[in-house]
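Asks:
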């Protein structure tokens, strides 16, 4: 007899191999997706820094004069004045909230610290506090 079909053992072996491959690949895909989200939020934070710098320069915002003094600019100010488009959470598409601290660090230098809060994501910085929004 000449059968042209797979045996049960061959089918099971194939399924086991596919299961092992999936067990390796699927977690890596989820890690990759999470990494991409974090990188996207980092890009958004850089956009916030640029937007707030432009906002300060173009609107003659009074910057701190004393070393380590800071002012806060809300994301709402940046979006309402068209310096930044609204930022939405990558998981549930809810609107993100936040602000930027502009801190005097040296005679002529200022540091811009963005703080955004999007669903489960929060900027990882000790200055950032959701209660400040």
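Residue numbers (the numbering used here): 282 to 414. Note that beta-carbon positions come from the ideal geometry of N, C-alpha and C, so glycine has one too. Note that this is a predicted model, so its numbers are computed, not measured.
Per DSSP, what are the beta-bridge partners of residue 391 in this structure?
Replies: Taking the first residue of the chain shown as 1, we reach residue 391 at position 110. Residue 391 pairs with 385.
Asks: Please classify residue 394 as buried or exposed, where buried requires at least 16 other C-beta atoms within 10 Å of its C-beta.
Replies: For the purposes of this step, residue 394 is taken as the residue at position 113 of the chain shown. Flag for residue 394 reads buried.
Asks: Does DSSP classify residue 322 as helix, strand or coil?
Replies: Indexing the chain shown from 1 puts residue 322 at position 41. Here residue 322 sits in helix by DSSP.
Asks: By Cβ distance, which residues of its chain are closer than 8 Å to residue 386, with the 5 residues on each side in sequence left out?
Replies: Position 105 of the chain shown holds residue 386. The answer, listed in chain order, is 348, 349, 392.
Asks: Compute the distance between the beta-carbons of residue 408 and residue 382, then report whether it is under 8 Å.
Replies: For the purposes of this step, residue 408 is identified with residue 127 of the chain shown, where counting begins at 1. For the purposes of this step, residue 382 is identified with residue 101 of the chain shown, where counting begins at 1. Cβ distance < 8 Å, so residue 408 and residue 382 count as in contact.
Asks: Between the beta-carbon of residue 397 and the beta-carbon of residue 326, is there less than 8 Å?
Replies: As a first step, residue 397 must be located in the chain shown, where it is residue number 116. As a first step, residue 326 must be located in the chain shown, where it is residue number 45. Yes.
Asks: Leaving out the 5 sequence neighbours to the left and right, which residues in its chain are closer than 8 Å to residue 376 when beta-carbon positions are compared?
Replies: By 1-based counting over the chain shown, the position of residue 376 is 95. So the list reads 367, 368, 369, 370, once near-sequence residues are dropped.
Asks: Please say whether residue 404 and residue 372 have beta carbons closer to each other than 8 Å?
Replies: Translated into positions along the chain shown, residue 372 becomes position 91. Translated into positions along the chain shown, residue 404 becomes position 123. Going by C-beta atoms, residue 372 is not nearer than 8 Å to residue 404.
Asks: Please list the terminal residues of the continuous beta strand (DSSP E) segment that includes residue 285.
Replies: Taking the chain shown and counting its residues from 1, one reaches residue 285 at position 4. Segment: none, residue 285 is in no beta strand (DSSP E) and carries neither H nor E.
Asks: Among 353, 316, 310, whose alpha-carbon lies nearest the alpha-carbon of residue 413?
Replies: On the chain shown, residue 413 is found 132 positions in, with the first residue counted as 1. It is 353.
Asks: Taking 8 Å as the threshold (C-beta atoms), are residue 345 and residue 388 in contact?
Replies: Within the chain shown, the letter at position 107 stands for residue 388. Within the chain shown, the letter at position 64 stands for residue 345. Result no, Cβ atoms of residue 388 and residue 345 do not sit closer than 8 Å.
Asks: Closer than 7 Å by C-beta to residue 237: which residues in its own chain qualify, once you throw out the five before and the five after it? Chain order, please.
Replies: What is shown of the chain runs 282 to 414, which leaves residue 237 out entirely.
Asks: Which term fits residue 343, buried or exposed, when burial requires 16 or more other beta carbons within 10 angstroms of its beta carbon?
Replies: One-based indexing of the chain shown puts residue 343 at position 62. Label assigned to residue 343: exposed.
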